Amino acid sequence: MKLSSNVEVSVEISHEGGVALLVDLARKGNDQQKTSAVGALANLAFNDSIGAEIARCKGVGALVVLMRTGIEQQKDFAVDALQNLAVSDEIGAEIAREGGIEPLIKLIRLGTDQQKEGAVGALANLSINDAVRSEILSKGGVAALLELLRMGTDELNEKIAGALGNFANSDEGRTEIAREGGIAPLVALLRAGSEQQKGYATDTIRNLAKSNDKIRAELVREGTVPLLKNLSRSGSERQKESAARALQQLNGGCCILM
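Count the sequence shown with UniProt numbering and you get residues 1 to 258, in order.
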């Protein structure tokens, strides 16, 4: 596992046919072999070209199986590997086809802190794909993310806010975030979160403000307007731009901004 975290060694492992051997061990080895193999695959998956090779060697299915049924350390490594692989739109679709969405959502609800963090990152990457995002929504992914947002760590909440921004890119996602009570915790991040959390929350609220009058009215009731005005004046450049756009969206809806 340590060797596979070295970039040059990772490429050499790939060139020498090591990826196929590791995938085979992840499928058929004993528990110790599976753990070592999936840990190595998690490190190798940082490399985009090697990630594609893992997919070609049918590694995605093996990782999903270990995420679902493996021992705890195997789950840790498997979800980390899938998080890295999910950066690819094509591999993200394969993760969904292999049944990876439900176990990721389950880990967000019931996993260890490490597993939750990896699963949130994986869903954030997967949610960029329109079809996969719809599947995550249909399986309760947004509800799971919002449950965790209300009690997660600062680092987790930052990732969750970023993921919610991806879901808020679609009408379906915006409706689901509002229906699951997501506006209030997002406004809480806007009010008192870290700078990164505020940035992601602002982006998500900007997207939510593109929705219908009902959602825009709720955003106003929750106190977004003064917070957005403050960020548009004194936030980072990114926050200023996103807050200004959110205010424009709110002003174009049903609500008079005072």
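All residues carry an ideal CB built from backbone N, CA and C; glycine is no exception. All of these numbers come straight from a predicted model, not from anything done at the bench.
Checklist line | Simplified DSSP assignment, three categories, for residue 71 | finding: coil
Notebook entry, point to check: Per the contact definition of three or more C-beta pairs closer than 8 Å, is the stretch 46-55 in contact with the stretch 66-80?
Noted result: With a cut-off of 8 Å, the stretch 46-55 and the stretch 66-80 do not count as touching, because too few Cβ pairs lie within range.
Margin query: Quick check on this structure: which residue in 110, 155, 59 and 168 has the alpha carbon closest to the alpha carbon of residue 215?
Written below: 168
Next item on the list: State the DSSP-derived secondary structure class of residue 77, mapped to helix, strand or coil.
Entry: Three-state DSSP puts residue 77 in a helix.
Check: Would a C-beta distance cut-off of 8 Å place residue 161 and residue 201 closer than the cut-off?
Finding: yes
Notebook entry, point to check: In whole angstroms, what separates the C-alpha of residue 198 from that of residue 236?
Noted result: The alpha-carbon of residue 198 is positioned some 10 Å away from that of residue 236.
Notebook entry, point to check: With distances taken from CA atoms, which of 163, 190 and 143 is nearest residue 86?
Noted result: Per the Cα distances, 163.
Check: Just how far apart, CA to CA, sit residue 229 and residue 208?
Finding: 17 Å
Check: Is residue 222 helix, strand or coil when you go by DSSP?
Finding: coil
Note to self: Which complete alpha helix (DSSP H) runs does the stretch 172-237 hold, if anything under 4 residues is left out?
What the structure shows: 183-192, 195-208, 213-221 and 224-234
Notebook entry, point to check: Under 8 Å, do residue 117 and residue 156 count as touching if we go by C-beta distance?
Noted result: Taking 8 Å as the Cβ cut-off, residue 117 and residue 156 qualify as a contacting pair.
Check: What did DSSP end up calling residue 168 once you bin it into helix, strand or coil?
Finding: Per DSSP, reduced to three states, the secondary structure at residue 168 is coil, with no helix or strand assignment.
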